[in-house]
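For the sequence shown, the numbering used here assigns the number 299 to the last residue and increments by one with no breaks.
We treat Cβ as the ideally placed atom computed from N, Cα and C, and that holds for glycine.
If you're wondering where the values come from, they're calculated on a predicted model, not measured in any experiment.
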Amino acid sequence: MIMTIKRPRKKPARQPTPINDKMERFCQEYIKSPDNQTDAAISAGYASGSACKRASQLMADPRIQERIAQLMQQRNKRTKMSADNVLRRLVDMLDADIADILNDNGDIKPIKDWPTVWRKSIASFEIAVVDENVTVKKVKLLDKLRVLELVGKHVDVNAFRDRVQVDVNVSLADKLASARKRAQQGSVE
Numbered sequence: 111m112i113m114t115i116k117r118p119r120k121k122p123a124r125q126p127t128p129i130n131d132k133m134e135r136f137c138q139e140y141i142k143s144p145d146n147q148t149d150a151a152i153s154a155g156y157a158s159g160s161a162c163k164r165a166s167q168l169m170a171d172p173r174i175q176e177r178i179a180q181l182m183q184q185r186n187k188r189t190k191m192s193a194d195n196v197l198r199r200l201v202d203m204l205d206a207d208i209a210d211i212l213n214d215n216g217d218i219k220p221i222k223d224w225p226t227v228w229r230k231s232i233a234s235f236e237i238a239v240v241d242e243n244v245t246v247k248k249v250k251l252l253d254k255l256r257v258l259e260l261v262g263k264h265v266d267v268n269a270f271r272d273r274v275q276v277d278v279n280v281s282l283a284d285k286l287a288s289a290r291k292r293a294q295q296g297s298v299e
C-alpha cells in the first residue's frame, strides 16, 4: 500500500506594507523630540485622546523602529554628531581649567586667547562698565555637576542611578496566613 502524505503548503512570506504618510509624519515628529512619543503622535495628526495608546502601538511596530533609526542616522550624518563626539565634548568641558582663561594677575584674558573648549562651553559672558576706571567682566560657567552626570549616564557607570531596595523576604503564604488571622480575629469579636 502506498500512502501519500500531504504537507501543508507554506504560505509565502508576506511583504510588510510600507508605512503610510501619517506614520511617516509620526517618525519625523518623534525625531524632533524623542522624549515624548505622545506629543509626536498628536503633531502627526492622531487624536489627542488616543495619542498615547497609538504612539505606543507605533513604537512597537518594527517598520516604525526601522524608519526612526534611519532618520536618526541621517540626522547624525548631517550634523556630524555621534555618541563618541558628544562624550568627547562633555569630557573636554569637565577637563577645562579656569587658569586657561585668566592672566597671571587674575584678569580675564581676551576671548581670542581662550582655548576652544572655553569659547564653546560657557553659559554666559557679561561686561559691565561701572565707571571709566572700573569694568566688571563676568563669566558664567556651565554646571559641571550636570555635565558630570551626563558623562556618567553616557558611559553607564551607574553613579547617578537611583537605587531602590525591595524587601522580598515575606512570602505570599506568610501574607495570606496573616490576613486569615486578622479576618478570624475580626469575626470572633
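{"Check": "Residue range of the alpha helix (DSSP H) that includes S192", "Outcome": "Looking at the DSSP string, S192 is not in any alpha helix (DSSP H), and its letter there is neither H nor E."}
{"Check": "Pair within 9 Å by beta-carbon distance, S166 and Q147", "Outcome": "yes"}
{"Check": "Cβ-based neighbour list, V227, same chain, cut-off 6 Å, excluding 5 preceding and 5 following", "Outcome": "D202, A206"}
{"Check": "C-alpha distance - M133 paired with K187, whole-angstrom precision", "Outcome": "23 Å"}
{"Check": "Proximity of L200 and L260 at Cβ, strictly below 9 Å", "Outcome": "yes"}
{"Check": "Cα-Cα separation between R124 and P172, rounded to whole angstroms", "Outcome": "14 Å"}
{"Check": "C-beta contact flag for K247 and E236 at 9 Å", "Outcome": "yes"}
{"Check": "Proximity of I211 and D223 at Cβ, strictly below 9 Å", "Outcome": "yes"}
{"Check": "Runs of alpha helix (DSSP H) wholly within the segment 176–222 (minimum 4 residues, chain order)", "Outcome": "193–205"}
{"Check": "Close beta carbons around G155, own chain, < 6 Å, minus the five adjacent residues each side", "Outcome": "K132"}
{"Check": "Check whether A233 and L204 have beta carbons under 9 Å apart", "Outcome": "no"}
{"Check": "Residue environment, E139, which counts as buried when at least 16 other CB atoms sit within 10 Å", "Outcome": "buried"}
{"Check": "Where S234 sits in the DSSP three-state scheme", "Outcome": "strand"}
{"Check": "Beta carbon of A179 nearer than 9 Å to that of R164", "Outcome": "no"}
{"Check": "Candidates D194, M191, V244: closest to D217 by CA position", "Outcome": "V244"}
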